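Participant: Protein chains in written order, with my numbering: chain D, 1 to 396; chain R, 397 to 723. C-beta atoms are modelled at their ideal positions from N, C-alpha and C, and glycine is treated no differently. What you are looking at is a predicted structure, and each value in this text was computed from that prediction instead of being measured.
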Amino acid sequence: MLPSLTVILAALALTMAGATGALALEIKSAVLRISYPELLPISRLDLKPDDLGFVGAALADEDNQTTGSFLGMEFSTQTYPATPETFDAELQKILDDGVKLIVVIANAEDTLRIADTAGPEVLLLNAGARETSLRDDMCRANILHVTPSYNMLADAVVQFAIWKQWREVFLVHGSNPKDLAMRDAYTRAITKFGGEVVEQRVFEDTGGARRTDTGHVLVQRQIPVFTQNAPDHDVVIAADASDVFGPYLSYHSWTPRPVMGAGGLRPVSLHASHEAWGATQFQRRFEALSGRYVQEEDYDVWLAIRTIGEAVTRTNSADPAVLREYILGDEFELAAFKGRKVNFRKWNGQLRAPVLLTDGRLTVSVSPQEGYLHQRSTLDTIGLDEPESTCTAFDD
Amino acid sequence: MSIRAILLAGSAAVAMGFSTPAWANKVYVSNEKGNTVTVIDSETWEVITEFPSGNRPRGIGLSPDGKLLYVCASDDDTVRVFETEGYTELYTLPSGPDPELFTMHPSGSPLYIANEDDNLVTVVDTETRTVLAEVPVGVEPEGMAISPDTKWVINTSETTNMAHFIDTSDYKIKHNILVDQRPRYATYTDDGALLFVSSEIGGTVSVIDTSGDAPELIHKIGFEVAGVQPEWLQPVGMKVTADQKWLFVALGPANRVAVVNAETFEVADYILVGQRVWQMGFTPDQKYLITTNGNSNDVTIIDVAAQKALKSVQVGQQPWGVVVSPN
Numbered sequence: 001m002l003p004s005l006t007v008i009l010a011a012l013a014l015t016m017a018g019a020t021g022a023l024a025l026e027i028k029s030a031v032l033r034i035s036y037p038e039l040l041p042i043s044r045l046d047l048k049p050d051d052l053g054f055v056g057a058a059l060a061d062e063d064n065q066t067t068g069s070f071l072g073m074e075f076s077t078q079t080y081p082a083t084p085e086t087f088d089a090e091l092q093k094i095l096d097d098g099v100k101l102i103v104v105i106a107n108a109e110d111t112l113r114i115a116d117t118a119g120p121e122v123l124l125l126n127a128g129a130r131e132t133s134l135r136d137d138m139c140r141a142n143i144l145h146v147t148p149s150y151n152m153l154a155d156a157v158v159q160f161a162i163w164k165q166w167r168e169v170f171l172v173h174g175s176n177p178k179d180l181a182m183r184d185a186y187t188r189a190i191t192k193f194g195g196e197v198v199e200q201r202v203f204e205d206t207g208g209a210r211r212t213d214t215g216h217v218l219v220q221r222q223i224p225v226f227t228q229n230a231p232d233h234d235v236v237i238a239a240d241a242s243d244v245f246g247p248y249l250s251y252h253s254w255t256p257r258p259v260m261g262a263g264g265l266r267p268v269s270l271h272a273s274h275e276a277w278g279a280t281q282f283q284r285r286f287e288a289l290s291g292r293y294v295q296e297e298d299y300d301v302w303l304a305i306r307t308i309g310e311a312v313t314r315t316n317s318a319d320p321a322v323l324r325e326y327i328l329g330d331e332f333e334l335a336a337f338k339g340r341k342v343n344f345r346k347w348n349g350q351l352r353a354p355v356l357l358t359d360g361r362l363t364v365s366v367s368p369q370e371g372y373l374h375q376r377s378t379l380d381t382i383g384l385d386e387p388e389s390t391c392t393a394f395d396d
Numbered sequence: 397m398s399i400r401a402i403l404l405a406g407s408a409a410v411a412m413g414f415s416t417p418a419w420a421n422k423v424y425v426s427n428e429k430g431n432t433v434t435v436i437d438s439e440t441w442e443v444i445t446e447f448p449s450g451n452r453p454r455g456i457g458l459s460p461d462g463k464l465l466y467v468c469a470s471d472d473d474t475v476r477v478f479e480t481e482g483y484t485e486l487y488t489l490p491s492g493p494d495p496e497l498f499t500m501h502p503s504g505s506p507l508y509i510a511n512e513d514d515n516l517v518t519v520v521d522t523e524t525r526t527v528l529a530e531v532p533v534g535v536e537p538e539g540m541a542i543s544p545d546t547k548w549v550i551n552t553s554e555t556t557n558m559a560h561f562i563d564t565s566d567y568k569i570k571h572n573i574l575v576d577q578r579p580r581y582a583t584y585t586d587d588g589a590l591l592f593v594s595s596e597i598g599g600t601v602s603v604i605d606t607s608g609d610a611p612e613l614i615h616k617i618g619f620e621v622a623g624v625q626p627e628w629l630q631p632v633g634m635k636v637t638a639d640q641k642w643l644f645v646a647l648g649p650a651n652r653v654a655v656v657n658a659e660t661f662e663v664a665d666y667i668l669v670g671q672r673v674w675q676m677g678f679t680p681d682q683k684y685l686i687t688t689n690g691n692s693n694d695v696t697i698i699d700v701a702a703q704k705a706l707k708s709v710q711v712g713q714q715p716w717g718v719v720v721s722p723n
């Protein structure tokens, strides 16, 4: 790889040194975010700010433009807040403006609809939907997934549990379709890494608000009873994508056991407390721009726009087809404040990236865990590996 | 490791009985977590002392006469200046926020300091203790080097992934070279004809020809160690020998220093050192190369001619930078 690359890069460097002063290359991208009607989160620390995801785009634009200013490139990203009723019209505006690089924060169903409406000329970057099906039988050639899948998150959690020798898992899951999808990701991970589900128990979503006022009194009574009479287990894992009960489990379970998943130790793409590998600089830049702590959607969008920026910088092109080919190629690499380069899986367009495990105050660990090996990249020990994925849209 | 270290220590002591210079030099090591600087005697390799040096000391350097020690106290947003007899702090220099690494004009002034948080390189006069210039560079500036003819200061920016060539006469960026992800450190050969830039996450060292009118990327050095996951081969600190034959590259969490032929750019060997090897410094005679090992809290002494590790010396918590006093 190295000798041939050298020649190309040398040529590129020369081109770029001369590029200043020439006509600027314009790179326009958009962030389309659909907000759904939903209950408030269990913890007010998880409230969604109005600029969720959009500040990540603004920061990535600044970062890209700093590089672009040295290379004669102009990056700009427009943000489009939408609802389930308005997103078709907003998408049309984006397409009418000739923007072909679109970051999407939406549920799985709407992400697919946007991809199919936008068509093959457009490159979509998914920064919202984590359903594994989008990387599997429902995959689309024009979607790259920056946000981790449920399978990546579940594998990250279970690798840590097995590293700790917590093999026997009491799996508590919610009752909505996305909770079941997450449960399936956990059962698959537990089987794959040699653990055992001693019991699956459903926590019904009966509607209603989150815990209110003195609600902790009730939670303290209810959760021990709910978790009573489970077989012996080392750890409780909560599959609760709907945010109905996960955060209630810690300290309240009948048997005193650590909690992972939707409560206790949580898998995230980034957390505001993460400082390793230069992340402090990212956090400070983000907070200076937004006046708040970063959330996962912000980081995922930042990474999406940086992916575009990196591909543009290296190819000197804004053509989605050229960028897609480079991004899925062997030479693409990006630093993401996770201690190693991240790049994309060729078989389903999923970003290969470490997953942080946070207790809400610190990065407790980072998966993949030590000792999980893979013939291609240890990052492929988390998430859907090539033989497991039924995606064929990326085959050519 | 421990048996091996003892054996090496024994052979080192014998070897050094015959080959040490007439006087010993002081080796200064900044301890990032310990908030101290450890001082080591380069003849006995014994620790002389350890003194407080401000919060999160990282980049470290000496005035040409060896009388002043400059330490980037990153969390104090300043460069602290110590005298090297009694190690008392004399004054601080205005460094800009979160100073990490600097390079010094061979005359001792100015210092060119990378400010990681502000996308700036700050130029500080060490005598008047004033800021001469602030140069906007790429995102997260880190590595700093000055060309031997002092015409160029190099800064590497970690998120922009470039080496910026700053003209020292007007503090303007005249050239930019794209390198691999997270460029960490830059160093010239003594004749100024080549510049090496290490990319921590990219896992490569870019070789830039600086002998012509414009710098040109001519090669990338990759690394491979049997039994070590490729993602842990993360090049950080580098040093080139004065005869320009060998480039030593610290490989971070791979716990090894790569020995690269600086003429053919082939990797000749890997020297096992302590954990998370970060920065390195030569003794003035270049007989020894000292590496800081952040996760094993020690420094490793490498015999440069033999390309072998001699021994490791325990220092403070999480050693980061190292500099050796001149003769």
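1. Closer than 7 Å, Cβ to Cβ, to anything on chain R: give me those residues from the stretch 322 to 345 of chain D, in chain order.
2. Classify S76 (chain D) as buried or exposed, calling it buried when 16 or more other Cβ atoms lie within 10 Å of its own Cβ.
3. Just to confirm, are G432 (chain R) and E442 (chain R) a CB contact at a threshold of 7 Å?
4. Can you find the residues in the same chain that come closer than 6 Å, C-beta to C-beta, to G339 (chain D), ignoring five residues on each side of it along the sequence?
5. What's the call for R140 (chain D), buried or exposed, on a 16-neighbour Cβ count within 10 Å?
6. If we ignore side chains and look at the alpha-carbon of each, how far apart do S175 (chain D) and F203 (chain D) end up?
7. When the cut-off is 7 Å and only beta carbons count, does I550 (chain R) lie next to chain D?
8. So is P417 (chain R) in contact with chain D if we call contact Cβ pairs under 7 Å?
9. Based on DSSP bridge pairs, tell me the residues matched to F170 (chain D).
10. Can you confirm whether G719 (chain R), when its beta carbon is compared against all beta carbons of chain D, has any partner nearer than 7 Å?
11. Bridge partners of C391 (chain D), per DSSP?
12. Based on the DSSP secondary-structure assignment, which residues constitute the bridge partners of E26 (chain D)?
13. Roughly how many whole angstroms lie between the Cα atoms of E388 (chain D) and I382 (chain D)?
14. Can you look up Q65 (chain D) in the DSSP assignment and give me helix, strand or coil?
15. Taking Cβ-Cβ distances below 7 Å as the criterion, which residues of the stretch 277 to 290 of chain D are in contact with chain R?
16. Roughly how many angstroms separate the alpha carbons of S133 (chain D) and Q682 (chain R), rounded to a whole number?
17. If you follow the alpha helix (DSSP H) that W441 (chain R) is part of, which residue opens it and which one closes it?
18. Output, in chain order, the set of chain D residues within a Cβ distance shorter than 7 Å of Q577 (chain R).
19. So, at 6 Å on beta carbons, what are the nonlocal neighbours of G712 (chain R) in its own chain, with the 5 sequence-adjacent residues on each side left out?
20. With a floor of 4 residues, list each alpha helix (DSSP H) that falls wholly inside the stretch 300 to 382 of chain D, ordered by position along the chain.
21. Quick check on K429 (chain R): does DSSP put it in helix, strand or coil?
22. Would the beta-carbon of G462 (chain R) fall within 7 Å of that of P722 (chain R)?
23. What residue does the beta strand (DSSP E) around D605 (chain R) start on, and which one ends it?
24. For a contact meaning CB atoms closer than 9 Å, what does G450 (chain R) contact in chain D?
25. Taking contact to mean 3 or more Cβ pairs, one atom from each stretch, closer than 8 Å, check whether the stretch 43 to 51 of chain D and the stretch 86 to 105 of chain D are in contact.
26. Can you pull the DSSP bridge partners for Q92 (chain D)?
27. Have a look at the DSSP bridge pairing and note the partners of K164 (chain D).
28. State whether the stretch 615 to 622 of chain R contacts the stretch 526 to 543 of chain R, with contact taken as three or more CB pairs (one from each stretch) at a distance under 8 Å.
29. Whether or not the stretch 253 to 270 of chain D and the stretch 323 to 330 of chain D are in contact is what I'm after, with contact meaning three or more pairs of Cβ atoms, one per stretch, closer than 8 Å; do they touch?
30. At 4 residues or longer, what runs of the alpha helix (DSSP H) sit wholly inside the stretch 82 to 147 of chain D?
31. Mind listing the chain D neighbours of T440 (chain R)? Cutoff is C-beta to C-beta under 8 Å, in chain order.
32. Which residues share a DSSP beta bridge with Y251 (chain D)?
33. Between V734 (chain R) and Y666 (chain R), is the Cβ-Cβ spacing less than 7 Å?
34. Could you tell me whether the Cβ atoms of A658 (chain R) and L643 (chain R) are closer together than 7 Å?
35. In angstroms with no decimal places, state the Cα-to-Cα distance between V475 (chain R) and R284 (chain D).
36. Could you tell me which chain D residues have their CB closer than 7 Å to the CB of E512 (chain R), listed as they occur along the chain?
Facilitator: Here's the rundown:
1. E333, L334, A335, R340, K341
2. Here residue 76 (chain D) corresponds to residue number 76 of the first sequence, with the count starting at 1. Exposed, by the Cβ-count rule.
3. Position 36 of the second sequence, counted from the first residue, corresponds to residue 432 (chain R). Position 46 of the second sequence, counted from the first residue, corresponds to residue 442 (chain R). Going by the sequence as given, residue 432 (chain R) is Thr instead of Gly. For T432 (chain R) and E442 (chain R), no; Cβs fall outside 7 Å.
4. Counted from its first residue, the first sequence places residue 339 (chain D) at position 339. Here the set comprises W277.
5. In the first sequence, the residue the question calls residue 140 (chain D) occupies position 140. So R140 (chain D) ends up on the buried side.
6. One-based indexing of the first sequence puts residue 175 (chain D) at position 175. One-based indexing of the first sequence puts residue 203 (chain D) at position 203. Taking the straight line from one Cα to the other gives about 7 Å.
7. Position 154 of the second sequence holds residue 550 (chain R). No, its Cβ sits nowhere closer than 7 Å to a Cβ of chain D.
8. As a position in the second sequence, residue 417 (chain R) is number 21, starting the count at 1. Residue confidence for P417 (chain R) is low, a pLDDT of 47 falling below 50, so the modelled location carries little weight; the figure read from the coordinates is stated next. No, no contact with chain D.
9. Reading the first sequence from its first residue, position 170 is the one you call residue 170 (chain D). D:E199, D:V236.
10. Locating residue 719 (chain R) in the second sequence gives position 323, counting from the first residue. First, the residue type needs correcting, since residue 719 (chain R) is Val and not Gly in the sequence shown. False, the Cβ-Cβ gap to chain D never drops below 7 Å.
11. In the first sequence, residue 391 (chain D) corresponds to position 391, counting from 1. C391 (chain D) pairs with nothing; no bridge assigned.
12. Locating residue 26 (chain D) in the first sequence gives position 26, where the first residue counts as 1. In the DSSP secondary-structure assignment, E26 (chain D) is bridged to D:E74.
13. For this step, residue 388 (chain D) is matched to residue 388 along the first sequence. For this step, residue 382 (chain D) is matched to residue 382 along the first sequence. Spanning the two alpha carbons is a distance of roughly 12 Å.
14. As a first step, residue 65 (chain D) is located in the first sequence; it is residue number 65 there, counting from the start. Q65 (chain D) falls in the helix class under three-state DSSP.
15. Listed in sequence order: G278, Q281, R284.
16. Translated into the one-based positions of the first sequence, residue 133 (chain D) becomes position 133. Translated into the one-based positions of the second sequence, residue 682 (chain R) becomes position 286. Straight-line Cα distance between these residues: approximately 59 Å.
17. Position 45 of the second sequence holds residue 441 (chain R). Looking at the DSSP string, W441 (chain R) is not in any alpha helix (DSSP H), and its letter there is neither H nor E.
18. Within the second sequence, residue 577 (chain R) is the residue found at index 181, counting from 1. Those within 7 Å of Q577 (chain R) in chain D are E333, L334, A335, K341.
19. Position 316 of the second sequence holds residue 712 (chain R). Excluding sequence neighbours, G712 (chain R) sits near N427, G430, T432, T434, E446.
20. 320 to 327
21. For this step, residue 429 (chain R) is matched to residue 33 along the second sequence. Of the three classes helix, strand and coil, the one that applies to K429 (chain R) here is coil, per DSSP.
22. Stepping through the second sequence from its first residue, residue 462 (chain R) is reached at position 66. Stepping through the second sequence from its first residue, residue 722 (chain R) is reached at position 326. Yes, the pair counts as a contact, with Cβ atoms nearer than the cut-off.
23. Here residue 605 (chain R) corresponds to residue number 209 of the second sequence, with the count starting at 1. Taken as a continuous stretch (DSSP letters only), the beta strand (DSSP E) holding D605 (chain R) covers 600 to 605.
24. Counting from one through the second sequence, the residue named residue 450 (chain R) turns up at place 54. Residues of chain D passing the Cβ test: none, with the nearest at roughly 18 Å.
25. A contact between stretches requires three or more CB pairs, one per stretch, nearer than 8 Å, and the stretch 43 to 51 of chain D fails this requirement with the stretch 86 to 105 of chain D.
26. In the first sequence, counting from the first residue as 1, residue 92 (chain D) sits at position 92. Beta-bridge pairing links Q92 (chain D) to no other residue.
27. Taking the first sequence and counting its residues from 1, the one referred to as residue 164 (chain D) is at position 164. Bridge partners of K164 (chain D): none, in fact.
28. no
29. no
30. 87 to 96, 108 to 118
31. Start at 1 with the first residue of the second sequence, and residue 440 (chain R) comes out as number 44. Result: empty, since nearest Cβ-Cβ is about 36 Å, beyond 8 Å.
32. Walking along the first sequence from the start, residue 251 (chain D) turns up at place 251. In the DSSP output, where bridge partners are listed per residue, Y251 (chain D) has none listed.
33. The requested residue 734 (chain R) does not occur in the structure, where chain R is confined to residues 397 to 723.
34. Taking the second sequence and counting its residues from 1, one reaches residue 658 (chain R) at position 262. Taking the second sequence and counting its residues from 1, one reaches residue 643 (chain R) at position 247. A contact, by the Cβ cut-off of 7 Å.
35. Numbered from its first residue, the second sequence carries residue 475 (chain R) at position 79. Numbered from its first residue, the first sequence carries residue 284 (chain D) at position 284. Distance between the alpha carbons of V475 (chain R) and R284 (chain D) is about 21 Å.
36. The residue you call residue 512 (chain R) lines up with position 116 of the second sequence. Neighbours of E512 (chain R) on chain D, chain order: Q281.
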